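Engineer: Can you read through this structure? Questions will come right after.
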Amino acid sequence: MKFSYIAGYLLYHVIGSHLPKSDARINFGSKQIRAFAARLMLTRVGVHVNIERKAQFSHTTEIGDYSGIGEKSRLYGRVIIGDYVMMGRECYIYTYNHETLRTDIPMQKQGGTAEKPVTIGNDVWIGSRVTILPGVTIGDGAIIGASAVVTKDVPPYAVACGNPAKVVKFREH
Numbered sequence: 011m012k013f014s015y016i017a018g019y020l021l022y023h024v025i026g027s028h029l030p031k032s033d034a035r036i037n038f039g040s041k042q043i044r045a046f047a048a049r050l051m052l053t054r055v056g057v058h059v060n061i062e063r064k065a066q067f068s069h070t071t072e073i074g075d076y077s078g079i080g081e082k083s084r085l086y087g088r089v090i091i092g093d094y095v096m097m098g099r100e101c102y103i104y105t106y107n108h109e110t111l112r113t114d115i116p117m118q119k120q121g122g123t124a125e126k127p128v129t130i131g132n133d134v135w136i137g138s139r140v141t142i143l144p145g146v147t148i149g150d151g152a153i154i155g156a157s158a159v160v161t162k163d164v165p166p167y168a169v170a171c172g173n174p175a176k177v178v179k180f181r182e183h
């Protein structure tokens, strides 16, 4: 492992993830500390990113310019976040799952599926407590309503909500 990754990991998990929210009146530079730690760990971190407290992500996560990861959100595996993305708190993004095809072997012993990266376009708003499943692409300008479970791709400028998430309308552009 590279020294920069280890330093970023320790800085984020020991200090950064426990600092106050970035919009707190007294925040001790928490936004800047978390972004600095992320730059040491992640594949790509744009300018003016906002990673809120207690968010978790893998080292293969990419975050575009002016984008954020919501408080207590969990990003598992390769997640590519575009520019100007807003993410609410407690979102879960998965890139792999449990294998479940065989009935003669307990699911717990079947292992996991192959990783399928999740891609989030530019200018996307993901509401609080959204779950995004493996392989999903969310198009530019889309809005995902709070508590939605996204199982399929969401087209550009679509507004999707529900479980499973369904497109309810399109934004004018």
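Here my numbering is used: the sequence shown runs in plain steps of one and ends on residue 183. All residues carry an ideal CB built from backbone N, CA and C; glycine is no exception. Remember, predicted model here, so these are calculated numbers, not experimental data.
Do you know offhand how far Ile61's Cα is from Asp114's?
Structural biologist: Going by the C-alpha atoms only, they are around 43 Å apart.
Engineer: Among all the DSSP beta bridges, which residues are the ones paired with Gly78?
Structural biologist: DSSP, once it has assigned bridges, lists Asn60 as partnering Gly78.
Engineer: Measure the C-alpha to C-alpha separation of Glu109 and Arg35 and round it to an integer number of angstroms.
Structural biologist: Between Glu109 and Arg35, the C-alpha separation is close to 46 Å.
Engineer: Considering only the beta carbon of each residue, do Ser83 and Arg99 sit closer than 8 Å?
Structural biologist: It is a contact, given that the beta carbons lie within the stated cut-off.
Engineer: State the beta-bridge partners of Tyr117 as determined by DSSP.
Structural biologist: A quick correction: the sequence has Met, not Tyr, at residue 117. Looking at the DSSP assignment, Met117 forms no beta bridge with any residue, so it has no partner.
Engineer: Under three-state DSSP, which class holds Tyr104?
Structural biologist: Three-state result, Tyr104: coil.
Engineer: Once DSSP output is grouped into helix, strand and coil, what is the label at Ala65?
Structural biologist: Ala65 falls in the coil class under three-state DSSP.
Engineer: Whole angstroms is fine: what's the gap from Arg126's alpha carbon to Gly39's?
Structural biologist: Sequence check: residue 126 is Lys here, not Arg. If you take the alpha carbons of Lys126 and Gly39, they lie about 35 Å apart.
Engineer: Select from Met117, Gly151, Ala168, Pro30 the residue whose C-alpha is nearest the C-alpha of Gly92.
Structural biologist: Nearest of Met117, Gly151, Ala168, Pro30 to Gly92, Cα basis: Gly151.
Engineer: The beta strand (DSSP E) that contains Ala168, what's its start and end?
Structural biologist: Unbroken beta strand (DSSP E) run through Ala168: 168-171.
Engineer: Using 8 Å as the threshold, is the C-beta distance between Val134 and Ile148 below it?
Structural biologist: Yes, Cβ-Cβ distance for Val134 and Ile148 is below 8 Å.
Engineer: Between Pro166 and Val177, how many whole angstroms is the CB-CB distance? I'm expecting something under 8 Å.
Structural biologist: Incorrect: roughly 11 Å between the Cβ atoms, too far for contact.
Engineer: According to DSSP, is Phe180 part of a helix, a strand, or is it coil?
Structural biologist: Strand, per DSSP.
Engineer: Could you spell out where the beta strand (DSSP E) holding Ile91 opens and where it closes?
Structural biologist: Its beta strand (DSSP E) spans residues 89-91.
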